[in-house]
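Beneath this line is the structure, given in structure tokens, with notes to follow.
Residue numbers (the numbering used here): 20 to 486.
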């Protein structure tokens, strides 16, 4: 017999469908401000798996760490792919469901079925030059991250050696977008307009739909360029590894890399900065000892940027937690909730220099994020450079008053206001060693081209507006 935990004791669920249960709305005001409280309330009422309402659509939310691993590590039992969603196949998902557009763009994060494996293999091949530290492209990427970080920090310094800055808008959000533009191989500063449109899409404002259309068109043009004239960049490598990709499909893959990686990395940078400057002395000491990655591990345990993964679906009626999930039901794994599962969290030491690496921020199992190492390197290099260039950084607001933005997938800071003091000496040359063969120092657009770009005009406007 299956049971549901609740105030009235066990409830018989034999023969009860997801749609017939009393669903609790997930995306409420409480969820936007204090998601941890929402997760804990659901856990107390329903156990490690809870039936929820996602803007009018029933779904299962996985709150338990053990249950999350059960789903993530069994790709056959819990496949991705909207074709596996029974309610959608039966026409019971509203055509105007707000989450529909983001899930309908079929790319590696969403795709299931037979097409996924060759696509994932191609992703792994295309990313390897950027993730293998022995490869010239990986060394060039790390140099580019440092150069972009220096460029952004120098721009902040135009407002004065000391002052107030929003490190989210002026550093942690633009940095990974600029690095993503480097990965995509945009000529000169032409990618900056695409980066601004990506920003509009991520912010989901009134101009998001038009921005998405422009962005996909720009990425399709870039895909066509790379097919005609391949370079040492991700789209060229992906095409070489998967020659059958259409230009439209390649544009969707580039969209995923640009959006998912940049937003995830930007949030991770901001959250790590807050952890360091508001934490105890041991946190700062660990950073100065070169343990940025371990600091990031602690951060994603408590505040993972990706709080809910895209849905999977039960391949057959399967027990999970205190329920039996019916074939075709949507299941959303929540690393934000799983990390707080007492059965897991109680075994994680707090306040130690070395944290667990058992977090689910990048997923687990065969569909773990293919770009996890690249994203971690970018975030760690950005955070490291930030604290090399600033003598002092202090929050301009108490940590518990920082403004957050939540979505069904991501949770990050809307802004990160800080009081800063820059190091007096000019930044050292970013090369720690002689360039590897084939690596050049010309990783930034020419100054004149940068000054004409929409991204740079926007960032310069932030400096002027803050004076």
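Heads up, the beta-carbon is just placed ideally off N, CA and C, and yes, glycines get one too.
For residue 291, list the residues DSSP reports as bridge partners. Partner(s): none; residue 291 has no beta bridge.
Who are the near neighbours of residue 53 in its chain, counting only those whose CB is closer than 6 Å to its CB and skipping five residues on each side? none
Assuming residue 189 and residue 198 are in contact, meaning their beta carbons sit under 8 Å apart, how far apart are those beta carbons, in whole angstroms? So it is not a contact: roughly 16 Å between Cβ atoms.
If you run the structure through DSSP and keep just helix, strand and coil, what is residue 35? coil
Decide if residue 181 is buried, meaning its Cβ has at least 16 other Cβ atoms within 10 Å, or exposed. exposed
Give the DSSP bridge partners of residue 232, in chain order. Per DSSP, none; premise fails for residue 232.
Where does residue 513 land, buried or exposed, given buried means 16+ other C-beta within 10 angstroms? The shown model of the chain, from 20 to 486, leaves out residue 513, and the question about it has no answer.
Own chain partners of residue 297 with C-beta closer than 7 Å, once the 5 adjacent residues on each side are dropped: 414 and 418
Give the secondary structure of residue 335 by DSSP, where H, G and I count as helix, E and B as strand, and everything else as coil. coil
Return yes when the Cβ of residue 432 is within less than 8 Å of the Cβ of residue 416, no when it is not. no
Tell me whether residue 408 sits in a helix, a strand or coil according to DSSP, three-state version. helix
What is the DSSP secondary structure of residue 144, reduced to helix, strand or coil? helix
Secondary structure of residue 343, DSSP reduced to three states: strand
Run through the DSSP bridge pairs and tell me what residue 488 is partnered with. Nothing can be reported for residue 488: it is not among the residues displayed for the chain, which extend from 20 to 486.
In angstroms with no decimal places, state the Cα-to-Cα distance between residue 82 and residue 344. 14 Å
Below 8 Å, can you find three or more Cβ-Cβ pairs linking the region 82-92 to the region 380-390? yes
Spatial neighbours of residue 148 within its chain, please: CB distance less than 7 Å, with the 5 preceding and 5 following residues excluded, ordered by chain position. 154, 156, 157 and 256
Determine, using beta carbons only, whether residue 434 and residue 185 come nearer to each other than 8 Å. yes
Residue range of the beta strand (DSSP E) that residue 437 falls in? 436-441
Per DSSP, what kind of secondary structure is residue 364 in: helix, strand or coil? helix
Where residue 330 falls, given that 16 or more other Cβ within 10 Å makes a residue buried: buried
Bridge partners of residue 238, per DSSP? The partner list for residue 238 (beta bridge, DSSP) is empty, contrary to what the question assumes.
Kindly indicate which three-state DSSP category residue 425 falls into: helix, strand or coil? strand
Please classify residue 388 as buried or exposed, where buried requires at least 16 other C-beta atoms within 10 Å of its C-beta. buried
State the CB to CB distance for the pair residue 314 and residue 280, rounded to an integer number of angstroms; the pair is presumed to be in contact (CB under 8 Å). Actually they are not in contact, since the Cβ atoms of residue 314 and residue 280 sit about 20 Å apart, beyond 8 Å.
By the three-class DSSP mapping on this structure, what secondary structure does residue 173 have? helix
With which residues is residue 350 paired in a DSSP beta bridge? 79 and 331
Reduced DSSP category for residue 413 - H, G, I as helix; E, B as strand; rest coil: strand
Endpoints, alpha helix (DSSP H) assigned at residue 430: First-last for residue 430: 430-432, but that is the beta strand (DSSP E), not the alpha helix (DSSP H).
Am I right that residue 319 and residue 378 are in contact with their C-beta atoms under 8 Å? What's the rounded C-beta distance? 5 Å
Rounded separation between residue 128 and residue 278 - CA only: 11 Å
Determine whether the beta carbon atoms of residue 326 and residue 391 lie at a separation below 8 Å. no
For a test of the three-state rule: what should DSSP assign to residue 181, helix, strand or coil? strand
Over the uninterrupted beta strand (DSSP E) stretch that includes residue 383, give me the two end residues. Taken as a continuous stretch (DSSP letters only), residue 383 belongs to no beta strand (DSSP E), as it is neither H nor E.
Judging by CA-CA distance, which residue of 100, 274 and 436 is the nearest neighbour of residue 237? 274
Measure the Cβ-Cβ separation of residue 55 and residue 357 and say whether it is below 8 Å. no
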